[in-house]
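Chemist: I have a structure I would like to understand better, so I am pasting it below and will then ask my questions one at a time.
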Amino acid sequence: MEHLTLPNGIDNAYIFNLSQDSQGYIYLSTMRGVYFFSGARFYRLPLDGAFSAGAVVVMTRLMPDGRMLISDGNNVGLATSATSARRSPATLDFNIFSLDHTGKISGIFVDNGNVFLEDRSGLRKCALLTSSLSCADQIVPGTHDVTVYQARDHVFIIPKNASIVRDLAGKVVFSVERPKAFSICPNRGIAPNLCVLLEGRVISTDNLGNIPQSRNDGAFSVADRGERSIFATGSADATVLFDGNRLRSFDGDHWSFLNHELSREQEITFAFVDMDNQLWTAQDLVELDKLIGWGDWENLEPQDIRSVWSVLPLKNGHVVFTSQGIYALSRYGLDKKLGDGNFFFGESDGQGAFWAPVDDATLLRCRYGDLALKCDRRLPVERVTGLAFSRQSGTLWIASDDGLLSLASGTTTPHIEEDARGRPLTAPATAVTLRRDGTPWAVDANILYRKSDDGRWIPVVEHWPNSADFSPLVMTFTSRNDLWIGGIRAHDGLLHLTLDGNHVSKIEQIAASSIGSQIVFSLLWDSGRRLWVGTENGLAGFDGHQWVRVTKDDGLISANINQQGLSEDRDGTIWITTSRGVSHLMHPEHLFLKQNLRPVFVKVMLGEKMLPEKAVPYTRDPLMVTLGSLNTALSSTTYFRYRLEGVDQNWITTTTGEIRYNFVPPGHSRLIVQALNDNRNLVSEPIVLEIRMLRPWWSAWPFVLLYTLSVIALPYTLNKLRFRYLMKRQRRLEELVDERTTEMRVAQSALEQQARQDGLTKLMNRRTAEASVTRLLEKLSRPDDTGVMRSATLALFDVDHFKSINDSFGHAIGDEVLAGIGARLIQAKRQEEIIGRHGGEEFLIVVQGEFAEAQARIASLLAGLSDVPFETKVGPLTIGCSAGVARTRADEAWADALERADQALYRAKLEGRGRIVVSARDQDDEDCPD
0 MEHLTLPNGI DNAYIFNLSQ DSQGYIYLST MRGVYFFSGA RFYRLPLDGA
50 FSAGAVVVMT RLMPDGRMLI SDGNNVGLAT SATSARRSPA TLDFNIFSLD
100 HTGKISGIFV DNGNVFLEDR SGLRKCALLT SSLSCADQIV PGTHDVTVYQ
150 ARDHVFIIPK NASIVRDLAG KVVFSVERPK AFSICPNRGI APNLCVLLEG
200 RVISTDNLGN IPQSRNDGAF SVADRGERSI FATGSADATV LFDGNRLRSF
250 DGDHWSFLNH ELSREQEITF AFVDMDNQLW TAQDLVELDK LIGWGDWENL
300 EPQDIRSVWS VLPLKNGHVV FTSQGIYALS RYGLDKKLGD GNFFFGESDG
350 QGAFWAPVDD ATLLRCRYGD LALKCDRRLP VERVTGLAFS RQSGTLWIAS
400 DDGLLSLASG TTTPHIEEDA RGRPLTAPAT AVTLRRDGTP WAVDANILYR
450 KSDDGRWIPV VEHWPNSADF SPLVMTFTSR NDLWIGGIRA HDGLLHLTLD
500 GNHVSKIEQI AASSIGSQIV FSLLWDSGRR LWVGTENGLA GFDGHQWVRV
550 TKDDGLISAN INQQGLSEDR DGTIWITTSR GVSHLMHPEH LFLKQNLRPV
600 FVKVMLGEKM LPEKAVPYTR DPLMVTLGSL NTALSSTTYF RYRLEGVDQN
650 WITTTTGEIR YNFVPPGHSR LIVQALNDNR NLVSEPIVLE IRMLRPWWSA
700 WPFVLLYTLS VIALPYTLNK LRFRYLMKRQ RRLEELVDER TTEMRVAQSA
750 LEQQARQDGL TKLMNRRTAE ASVTRLLEKL SRPDDTGVMR SATLALFDVD
800 HFKSINDSFG HAIGDEVLAG IGARLIQAKR QEEIIGRHGG EEFLIVVQGE
850 FAEAQARIAS LLAGLSDVPF ETKVGPLTIG CSAGVARTRA DEAWADALER
900 ADQALYRAKL EGRGRIVVSA RDQDDEDCPD
């Protein structure tokens, strides 16, 4: 749910109602004005001066031609034009009509292009005159003491104490035989929607003006709601009902609370479904909310459960696997707890039972029915990550930390499978699936196997093309010869294997940009022949032609989808479990529909004024354009590209929708704009802003002719006068350039040396050394030709008791020692080694090669400092050095390796100085002696 407040451009001061024009602009009426929505934020409709001071626009209607009709209860205003892609509500002008022979307006309605006003006498049909709205003596028969409803372009009325709904022509559109069963929804809103409660039905109008009937499941009663408002509205796919306490959503099968829940202290007086089937509500009349994905998504976020892992649809219900047990799932949320333990996922056996791993130690076979769970099999298996049940053979295939196992029908103990050489597959298995012919395929020790006819497992893929470290987690067949595998530790975490018989003929790496992530946690092939991919960045879908992506901006409760977190229900809907809860995708086919992004020019400013749709005088004021996308379902993930003809050669992208040109050339220019949505592979038709600017007076043809003659004559006249002067100046300038160039080269060389080198030791300074190490480690992090990741050894050393040298002989002698250290290290340094002063008496050495050889090299360099005294002004001085050594790793930043080296140096100091100590982590890895 998205809350729209002051940062979104609205004041949230007593919200009256919402409406939408044919272009897609949504209008919000509040106590302080009318606002329109650009897809990103609200803008105030410029109505200053349209009505008297202090007037409040409480009603907005749309004429069939798209023009807006507004009223403050005393007067009526009609827009002079309709909105378009070029003309936004910010540019609208209104004609204010005075009213004749009418009292206080309680409602304004539009039916088949005719305007009707409601006062205490009934509905009056009005005629638009030049400067007034004539409604005298035009009362519609039978409209006194009725309830009037606007439904899109039509008006319906319900007479008092009647059980019928009819239109203004008198045609009955709905009636009941038992009047006592007919109850109008009580609503205190200014423009309520048609809503009638019957026994077992809810009658309401949807966003197309139709009157669908939704079953009332008997869970609510009007009599129990007191004075609180009740209303219903909806779309072609779903209906929403506010029962006085909470919003209920009806998906054509049942009512649920999964989308939105309100506390009893809050009240909603109206809801609005726009043309993109997005649901808008106003809580307590001051908070505007948009329920993202309403009608397509149901979301369940358990408050007392840490992790929800997966949903298993069964013939007699649904069960939810969580970290705190297994639960039944009802249409209102989690129901009864069926068992304790950390249940991960389940696999149905097609016979009313299912297998489920629990607590990473046990595999259970259970049956669910009548809100009870009965488990009759318990197998000790460590950490099951994949299950596949063959209904042909009755065999259960198990991928686990115990290896690849099978449980044949009628057996009690899992069997460890064997490879082609007869060796047991006891390495951790991560995934298993069945081919269309029932043949199992599995991943064990990161190797893809298939089961042969003789019962042995044959390796199919041993080396993965996307990365040597690729670790498959999930796999599924989409046809006999199409296998999809997803996993982690690769730049592209999804692979498509094309099979030729039992061999792989092609492996396609699916780009991470197509699915939105490098990591794949879950795969599902549904009955609609669509592939679903769960990642840590959302859900991706593939229908054989295009990839689409879904995130929280589309209604998903969370973007981080669990492993084994996708399942298909019997009705074709999709269950998705995430780190925050469960999402239910009720219309997966909707994600692949082509939609109109409806880009518009919200504001077009030339300087401080709106750019009109006619030619403007020449100016050098900047052009500032604000773009919007009126598709409210996709606007949050939509961006734009634009190009000003004659100025821009290529497209320019903007994610904010803001465009600025500091200068627009005179003449006729065209700003071309397209909206794009990568998640749905959508590119809108271009919209064009025509800019007509008059040319300046000095560009008229007489002046152009005069300029041309001057350009020809003047250079010839002045050429000889200037030639000698220019030649003299040229010679002098050449001399000055040569002098300055020499000076700059000398200065630049000195600055470069100073920037890279420590002034005292002549070694690399700390910044240069760190930059060199960073480049080296980036180079080593790339695998060599054999696929091996290389590393380097880092040593941090300092001079023992250096402070005593400074204290005893002075800092000048200490500087002599440091300079001597730098000279010896420079003399002994090899080309590939990095040596620099790290700070004070601390120095950094980085050596490539094997760890043992690197340690020996570091020890040799330090011996060259300690074995031979340094000649100083006070005589020879012998120093000692202590060093800490650490080996860099591909999975850590070099700063972490430096920290380990620093800790090892500290240990060297504590253990008596004058020694080299290897970091504890590298001792464990390399079996180095302490």
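Residue numbers (numbering that gives the first Met the number 0): 0 to 929.
The C-beta atom is built at its ideal place from N, Cα and C for all residues, glycine as well.
These figures come from a predicted structure and were not determined experimentally.
Less than 8 Å between the C-beta atoms of SER309 and ASN561, yes or no?
Modeler: Residue 309 sits at position 310 when you count from the first residue of the sequence shown. Residue 561 sits at position 562 when you count from the first residue of the sequence shown. Their beta carbons are under 8 Å apart, which means SER309 touches ASN561 by this criterion.
Chemist: Which residues bound the beta strand (DSSP E) around GLU507?
Modeler: Working through the sequence shown from its first residue, we reach residue 507 at position 508. From DSSP, the beta strand (DSSP E) with GLU507 extends over 502 to 509.
Chemist: Where does GLN517 land, buried or exposed, given buried means 16+ other C-beta within 10 angstroms?
Modeler: For the purposes of this step, residue 517 is taken as residue 518 along the sequence shown, with counting starting at 1. Label assigned to GLN517: buried.
Chemist: Could you give the C-beta distance for GLN659 and VAL687, rounded to a whole number, given that I count them as a contact under 8 Å?
Modeler: Reading the sequence shown from its first residue, position 660 is the one you call residue 659. Reading the sequence shown from its first residue, position 688 is the one you call residue 687. Looking at the sequence shown, residue 659 is not Gln but Arg. Not really, about 18 Å apart at Cβ, beyond 8 Å.
Chemist: Going by beta carbon distance, what residues of the same chain come within less than 7 Å of ARG912, once the five residues before and after it are set aside?
Modeler: Here residue 912 refers to the residue found at position 913 when the sequence shown is read from its first residue. So the list reads ASP799, GLY879, SER881, once near-sequence residues are dropped.
Chemist: Buried or exposed for ARG247, please, with buried defined as at least 16 other CB atoms from any protein chain shown within 10 angstroms of its CB.
Modeler: Counting from one through the sequence shown, the residue named residue 247 turns up at place 248. ARG247 comes out buried.
Chemist: Compare the C-alpha of ALA352 against each of ARG728, ASN315, HIS462, LYS908 and name the closest.
Modeler: Within the sequence shown, the letter at position 353 stands for residue 352. Residue ASN315 is the option with its Cα nearest to ALA352.
Chemist: With three or more beta-carbon pairs closer than 8 Å as the criterion, would you say the stretch 12 to 19 touches the stretch 269 to 280?
Modeler: yes
Chemist: CB-CB under 7 Å to ARG263, same chain, minus the five flanking residues each way: which ones, in chain order?
Modeler: Within the sequence shown, the letter at position 264 stands for residue 263. Note on ARG263: pLDDT 40, under 50, position unreliable in the model; the coordinate value appears next. Within the same chain, ARG263 has close Cβ partners ASN244.
Chemist: Could you tell me which of LEU629, LEU824, GLU870, ASN73 sits nearest to ALA858, measuring between CA atoms?
Modeler: The count along the sequence shown starts at 1 and reaches residue 858 at position 859. When each option's Cα is compared against that of ALA858, the closest is LEU824.
Chemist: Need the endpoints of the alpha helix (DSSP H) that SER859 sits in, please.
Modeler: Position 860 of the sequence shown, counting from 1, holds the residue named residue 859. Start and end: 850 to 865.
Chemist: Roughly how many whole angstroms lie between the Cα atoms of THR82 and GLY23?
Modeler: Stepping through the sequence shown from its first residue, residue 82 is reached at position 83. Stepping through the sequence shown from its first residue, residue 23 is reached at position 24. Note on geometry: alpha-carbon atoms of THR82 and GLY23 lie some 9 Å from one another.
Chemist: Just how far apart, CA to CA, sit TYR715 and SER698?
Modeler: Position 716 of the sequence shown holds residue 715. Position 699 of the sequence shown holds residue 698. If you take the alpha carbons of TYR715 and SER698, they lie about 24 Å apart.
Chemist: Going by Cα to Cα distance, which pick from LEU91, ARG836, VAL549 is closest to ASN678?
Modeler: Start at 1 with the first residue of the sequence shown, and residue 678 comes out as number 679. With distances taken between Cα atoms, ASN678 lies closest to VAL549.
Chemist: Taking only runs of the beta strand (DSSP E) that begin and end inside the stretch 560 to 621, which ones reach a length of at least 3 residues, in chain order?
Modeler: If we require 3 residues or more, the beta strand (DSSP E) runs fully inside the stretch 560 to 621 come out as 560 to 567, 573 to 577, 581 to 584, 598 to 605.
Chemist: For VAL114, list the residues DSSP reports as bridge partners.
Modeler: Reading the sequence shown from its first residue, position 115 is the one you call residue 114. According to DSSP, VAL114 bridges with VAL109, CYS125.
Chemist: Does the separation of the CB atoms of ALA900 and ALA794 fall below 8 Å?
Modeler: Counting from 1 along the sequence shown, the entry for residue 900 is found at position 901. Counting from 1 along the sequence shown, the entry for residue 794 is found at position 795. Yes. Within cutoff.
Chemist: Relative to the alpha-carbon of ARG434, which residue among VAL646, SER478, LEU240, GLY208 has its alpha-carbon at the smallest distance?
Modeler: Position 435 of the sequence shown, counted from the start, is the residue given in the question as residue 434. Out of VAL646, SER478, LEU240, GLY208, SER478 has the C-alpha closest to the C-alpha of ARG434.
Chemist: Nearest CA to the CA of ASP436: which residue from ASN501, GLY838, ILE834?
Modeler: Residue 436 sits at position 437 when you count from the first residue of the sequence shown. With distances taken between Cα atoms, ASP436 lies closest to ASN501.
Chemist: Could you give the uninterrupted runs of the beta strand (DSSP E) lying entirely in the stretch 663 to 718, keeping only those of 3 residues or more?
Modeler: 666 to 676, 686 to 692
Chemist: Among all the DSSP beta bridges, which residues are the ones paired with ASP499?
Modeler: Taking the sequence shown and counting its residues from 1, one reaches residue 499 at position 500. Looking at the DSSP assignment, ASP499 forms a beta bridge with HIS502.
Chemist: In this structure, how does DSSP classify GLN302 when only helix, strand and coil are distinguished?
Modeler: The count along the sequence shown starts at 1 and reaches residue 302 at position 303. Coil, per DSSP.
Chemist: When burial is assigned at 16 or more other CB atoms within 10 Å of the CB, is ARG533 buried or exposed?
Modeler: Your numbering for residue 533 matches position 534 in the sequence shown. According to the sequence as given, residue 533 is Gly; it is not Arg. Classification for GLY533: buried.
Chemist: Would the stretch 391 to 399 and the stretch 334 to 343 be scored as touching if the rule is three or more Cβ pairs under 8 Å?
Modeler: no
Chemist: Report the residue ranges of all alpha helix (DSSP H) runs contained in full by the stretch 788 to 843; include only those spanning at least 4 residues, in chain order.
Modeler: Taking only runs of at least 4 residues, the alpha helix (DSSP H) segments lying wholly in the stretch 788 to 843 are 801 to 808, 810 to 827.
Chemist: Ignore the nearest five residues each way along the sequence and tell me which others in GLN137's own chain have a CB closer than 8 Å to its CB.
Modeler: The count along the sequence shown starts at 1 and reaches residue 137 at position 138. Result list for GLN137: ARG123, LYS124, CYS125, ALA126, in chain order.
Chemist: DSSP state of GLN902, grouped into three classes?
Modeler: Residue 902 sits at position 903 when you count from the first residue of the sequence shown. Helix, per DSSP.
Chemist: Answer with buried or exposed for ASN111, where buried requires no fewer than 16 other C-beta atoms within 10 angstroms of its C-beta.
Modeler: Your numbering for residue 111 matches position 112 in the sequence shown. When all chains shown are included, ASN111 counts as exposed.
Chemist: To which residues of the same chain is LEU98 closer than 6 Å at the C-beta, ignoring the five residues directly before and after it?
Modeler: The count along the sequence shown starts at 1 and reaches residue 98 at position 99. Answer for LEU98: LEU132, listed in chain order.
Chemist: Do you know whose CA, among ILE229, LYS602, SER521, lies nearest MET623's CA?
Modeler: Position 624 of the sequence shown, counted from the start, is the residue given in the question as residue 623. Of the candidates ILE229, LYS602, SER521, the one whose C-alpha sits nearest the C-alpha of MET623 is LYS602.
Chemist: Count the other CB atoms, across all protein chains shown, that sit within 10 Å of the CB of ARG420; report buried if there are 16 or more and exposed otherwise.
Modeler: Counting from 1 along the sequence shown, the entry for residue 420 is found at position 421. Burial is judged here by how many other beta carbons sit within 10 angstroms of a residue's own beta carbon; ARG420 has fewer than 16 and is exposed.
Chemist: At what residues does the beta strand (DSSP E) containing VAL57 begin and finish?
Modeler: Locating residue 57 in the sequence shown gives position 58, where the first residue counts as 1. If you look at VAL57, you'll find it isn't in any beta strand (DSSP E); DSSP assigns it neither H nor E.
Chemist: Does the beta-carbon of HIS544 have 16 or more other beta-carbons within 10 angstroms, so that it is buried, or is it exposed?
Modeler: The residue you call residue 544 lines up with position 545 of the sequence shown. So HIS544 counts as exposed.
Chemist: Are three or more beta carbon pairs between the stretch 293 to 306 and the stretch 323 to 335 nearer than 8 Å?
Modeler: yes
Chemist: Using DSSP with H/G/I as helix, E/B as strand and the rest coil, what is THR637?
Modeler: On the sequence shown, position 638 is the one that residue 637 refers to. Residue state, collapsed to three classes: coil.
Chemist: What are the uninterrupted segments assigned as beta strand (DSSP E) that are 3 or more residues long and contained completely in the stretch 139 to 189, given in chain order?
Modeler: 145 to 150, 153 to 158, 163 to 166, 171 to 174
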